[in-house]
Amino acid sequence: MARVLLDSPVPHLDREFDYLVPVALDESARVGSRVTVRFSGREMTGWITQRGAEPTTAAALSDLQGVLTRVPPLTAEVLELARAVAARQAGVVTDVLRSAVPPRVVAVEKEILAETGADHPASQRHDEQNADPVADGAEAHAVTEDDVLDALEGGQAFLSAVCAGDAPRAAASLPSRTGLWDEAWVLAGVARRAADAGRGVVLVVPDQRDLDRLCAVLDDLLGEHAYARLTGEDGHTPRYRAHLRLLTGRCRIAVGTRSAIWAPVPDLGLIVVWDDGDDSYADPRAPYPHVRDVAVQRCHHAHSALLFASTSRTTAVQRLVELGWLQSLEAPRHRVRESTPRIIATADSWESARDPFARRARLPHAAWQVARHALSGPCPGPVLVQVARAGFIPALVCERCRTPARCRHCAGPLAFRDRAAAERGELACRWCGTRERDIECPECGWRRLRAGARGVDRTADELGRAFPQVPVVSSSAAHRVGTVEDRPALVVATVGAEPVAQNGYAAALLLDGDAQLTREGLDVPARVLARWFAAAALVRPADRGGVAVVTAEHAETVGALTRWDPAGFASRQLAERRELHLPPAGRIAEVTGPDRAVAQYLALVEEARREGAAGSVLSAGPLPWIGPVPLPEDEQRHRALLLFPYTASEATAALLRSGRSAASARGEAEGVRIRLDPIGVL
1 MARVLLDSPV
11 PHLDREFDYL
21 VPVALDESAR
31 VGSRVTVRFS
41 GREMTGWITQ
51 RGAEPTTAAA
61 LSDLQGVLTR
71 VPPLTAEVLE
81 LARAVAARQA
91 GVVTDVLRSA
101 VPPRVVAVEK
111 EILAETGADH
121 PASQRHDEQN
131 ADPVADGAEA
141 HAVTEDDVLD
151 ALEGGQAFLS
161 AVCAGDAPRA
171 AASLPSRTGL
181 WDEAWVLAGV
191 ARRAADAGRG
201 VVLVVPDQRD
211 LDRLCAVLDD
221 LLGEHAYARL
231 TGEDGHTPRY
241 RAHLRLLTGR
251 CRIAVGTRSA
261 IWAPVPDLGL
271 IVVWDDGDDS
281 YADPRAPYPH
291 VRDVAVQRCH
301 HAHSALLFAS
311 TSRTTAVQRL
321 VELGWLQSLE
331 APRHRVREST
341 PRIIATADSW
351 ESARDPFARR
361 ARLPHAAWQV
371 ARHALSGPCP
381 GPVLVQVARA
391 GFIPALVCER
401 CRTPARCRHC
411 AGPLAFRDRA
421 AAERGELACR
431 WCGTRERDIE
441 CPECGWRRLR
451 AGARGVDRTA
461 DELGRAFPQV
471 PVVSSSAAHR
481 VGTVEDRPAL
491 VVATVGAEPV
501 AQNGYAAALL
511 LDGDAQLTRE
521 GLDVPARVLA
531 RWFAAAALVR
541 PADRGGVAVV
551 TAEHAETVGA
561 LTRWDPAGFA
571 SRQLAERREL
581 HLPPAGRIAE
591 VTGPDRAVAQ
601 YLALVEEARR
611 EGAAGSVLSA
621 GPLPWIGPVP
631 LPEDEQRHRA
641 LLLFPYTASE
651 ATAALLRSGR
661 SAASARGEAE
671 GVRIRLDPIG
681 VL
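Okay, here's the thing in structure tokens:
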């Protein structure tokens, strides 16, 4: 018989069922195989999780209908991890597996089988003692990039422990992203050293641009066949081929975006996550796990080493550092001074005395001088201008009373999409697209507007006219530029879309900081600071003339950038969260849905709590839900929040999961969404 986990998002079916294995399927029905079965009169797919001789039920068993995969794509380690993630997120295991295992591609499976010349390619793994760790005879490169992490305090001991087969855990703060500190070379060097020691490696980066840069370095350092690339943007065929190459032991290094954290790497010894604070690491599909949390759980289950690396430090990682679970790897202060640019804060007392209008100007005189010197001085180079908004003029306000201009149809913000629209006075709603002309302020009746915010295109347009002989490059999420040449140019980019300069930027102007810091959200200061660190780290060191100018007034955030102290800022933020019992000092659950459905779900959770309260950490009384209250953006949907400590984490997640299963079985609480530790909920 075989135990099968049904591939169904229905919570009350999130368990295993026994099926008989016909003689004809006995050999092919291996653990980890995808199969078809009959359930409640209809055909469904599922995963074989266990083979055995005795069923766990006395009921009559149905036969397996078929085996869909000749190469079992699901490993026992990934299945165990998926179960742990589903339990932590109060989700369904097969929802997790959809992210972990790519869709099957028959042609790729046949290709792999043909290469191995066997029907069981998983048994054809390369001999670990005889195979070249880098595959396909790539020559060993004695590159200095391999030793960059050694420059961090504790870095050499960390790498030595990884190569010795131990499982150290650390958080590294890099002082720069230029020269030998380029994150692509740092990650590739760490992977090379671990692979040379016979350890499997998983490298995870936030987006496609980061992945392309990392793969280019790996091609140069190790060879294109030494690693498997995993990203959804490459399509099903390349991703499934990479998945099977790892399963069959053809390579021991997996690199990719969010889904790469699930890569079935043989003999996994090291997991590296670059920039764990990036929003793209939060899975938008149920049960909404974050790569950081999956990495922590996989490190625990696989007994592997773990490294979080970034130019900044998230409060979630800082919490693990202060618990002693992660070791902090930081550059000595003299190394920080050698590697970072000079930071100028235009809002400090010195600059304010020199330029009294600096606080009101979007581009203060000090920033203007820095840009001009960087473009035409003794060491000229590109200048990065970081702005908060995309578009041309994304927001308009009344010239007299500053009331935001709104669409008469949907109340969305009115904007000028481009320069031509601004010259014609043609407004467009950013929500519904309705075009407007000659609107009147509903507050004061004035008919003239002014820019409430300037986007990347308008900023590029203005700087192009101010520096007429200098090329202007614009980069945003809609039009990303990967790299820029080492020559004078103005590079205007939205946050997160900054290109990499070949030899580092001569200067960086960090604009619109106050506009970003005034947004609502618990994590806003930390997010803004992380963006500043990421941009300033692309600038040449101060001893080569590198300068970064920040125009914001927020003293604590600007001070952390000026001192280049990401860990200290994260520690102070975490201390404030602890006092208020806010994440990540504790956990949070969010339940959203129609008013009645949310109320039904909360009632089922309370019912489950009372039934299992005896001896439980949750026996003190009803859960302290906040709400439910209508959502600001949609009053038809309501939201309830629950803050709970880590000591009650397992019990609370199990309770929320139990309530979800009960609601599913009864057909109640339809349309309810449960998220644990969501980004930006507070």
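Residue numbers (the numbering used here): 1 to 682.
Think of the CB as a built atom: it goes at the ideal place given N, C-alpha and C, for glycine as much as any other residue.
Just so it is clear, the structure is predicted and the values come from calculations on it, not from any experiment.
Own chain, CB closer than 6 Å to residue i, minus 5 neighbours either side, in chain order
i    : result
E668 : Q600
R675 : Y288, E590
A534 : T311
D7   : T45, G46, T94
S475 : V481, A493, A497, P499
Three-state class that DSSP yields for residue i in the structure shown
i    : result
Y19  : strand
I439 : coil
Q208 : helix
I261 : helix
H236 : helix
L602 : helix
G179 : helix
T562 : helix
H300 : helix
H373 : helix
S8   : coil
G694 : As displayed, the chain neither begins before 1 nor continues past 682, which places residue 694 out of reach and without an answer.
G269 : strand
D461 : helix
C429 : strand
T231 : coil
L414 : strand
S571 : helix
Residue range of the unbroken beta strand (DSSP E) whose run includes residue i
i    : result
E43  : 42-51
L222 : No beta strand (DSSP E) holds L222; DSSP gives it neither H nor E.
P594 : 587-594
T36  : 34-39
Q636 : 634-644
P73  : Careful: P73 lies outside any beta strand (DSSP E) and carries neither H nor E.
T494 : 489-494
L631 : 626-631
V472 : 472-475
Run of the alpha helix (DSSP H) containing residue i, from where it starts to where it stops
i    : result
T551 : First-last for T551: undefined, no H or E at that position.
S649 : 649-666
V93  : 93-100
G513 : 513-517
A309 : It is not in any alpha helix (DSSP H) - A309 instead sits in the beta strand (DSSP E) that spans 305-310.
A689 : Because residue 689 is not part of the residues shown, which for the chain are 1 to 682, the question remains open.
Check: residue i C-beta below 6 Å from any heavy atom of the ligand SAH
i    : result
E556 : Within the structure as shown, the ligand SAH is missing, as the structure has no ligands at all.
Beta-carbon contacts of residue i that lie in its chain and below 8 Å, excluding the five residues immediately before and after
i    : result
T75  : G32, L247, P264
H581 : L643, P645
L490 : A371, L375, P382, V383, V385, A460, L463, G464, F467, V470, P471, V472, V473
L538 : R177, T178, L384, E498, V500, A501, G504, Y505, A508
R578 : A585
D212 : G482
I679 : D279, A282, H290, D523
L574 : T315, Q318, R319, E322, P584, A585
Beta-carbon proximity list for residue i, same chain, < 7 Å, skipping 5 on both sides
i    : result
S99  : S259, W262, D283, R285
S664 : V10, P11, H12
D18  : M1, R3, P55, T56, T57, L61
V217 : A184, W185, A188
G659 : Y601, L604, V605, A608
H120 : In this prediction, H120 scores a pLDDT of 46, lower than 50, which makes its location untrustworthy; the coordinate-derived value is nonetheless stated afterwards. None.
Residue i - partner residues in DSSP beta bridges
i    : result
A507 : V383, V547
E153 : E330
I112 : In the DSSP output, where bridge partners are listed per residue, I112 has none listed.
H290 : A282
A453 : A395
P404 : V397
T483 : V500
CB contact check: residue i to chain C, cutoff 7 Å
i    : result
A170 : Absent from the structure is chain C; it holds one protein chain and no more.
| Are at least three pairs of beta-carbons, each pair with one atom in the stretch 447-457 and one in the stretch 364-379, less than 8 Å apart? | In this structure the stretch 447-457 does not touch the stretch 364-379; the number of beta carbon pairs closer than 8 Å is below three.
| query | Would the stretch 548-567 and the stretch 590-610 be scored as touching if the rule is three or more Cβ pairs under 8 Å? | reply | Touching, no.
| request: Flag this pair as touching only if the stretch 398-409 and the stretch 523-532 have three or more C-beta atom pairs under 8 Å; answer yes or no. | output: The stretch 398-409 vs the stretch 523-532: no contact.
| query | Would you call the stretch 179-188 and the stretch 163-171 touching, i.e. three or more CB-CB distances under 8 Å? | reply | No, the stretch 179-188 is not in contact with the stretch 163-171.
| said: Quick test of the definition: if touching needs 3 or more C-beta pairs under 8 Å, does the stretch 567-576 touch the stretch 312-324? | reply: Three or more beta-carbon pairs drawn from the stretch 567-576 and the stretch 312-324 are found closer than 8 Å, and the two stretches are therefore classed as touching.
| message | Check whether the stretch 495-512 and the stretch 386-394 are in contact - that is, three or more C-beta pairs closer than 8 Å. | response | Counting Cβ pairs under 8 Å, three or more are found: they touch.
| message | Would you call the stretch 539-558 in contact with the stretch 647-654, where contact means no fewer than 3 C-beta pairs closer than 8 Å? | response | Segment contact: the stretch 539-558 against the stretch 647-654, fewer than three CB-CB distances shorter than 8 Å; contact not assigned.
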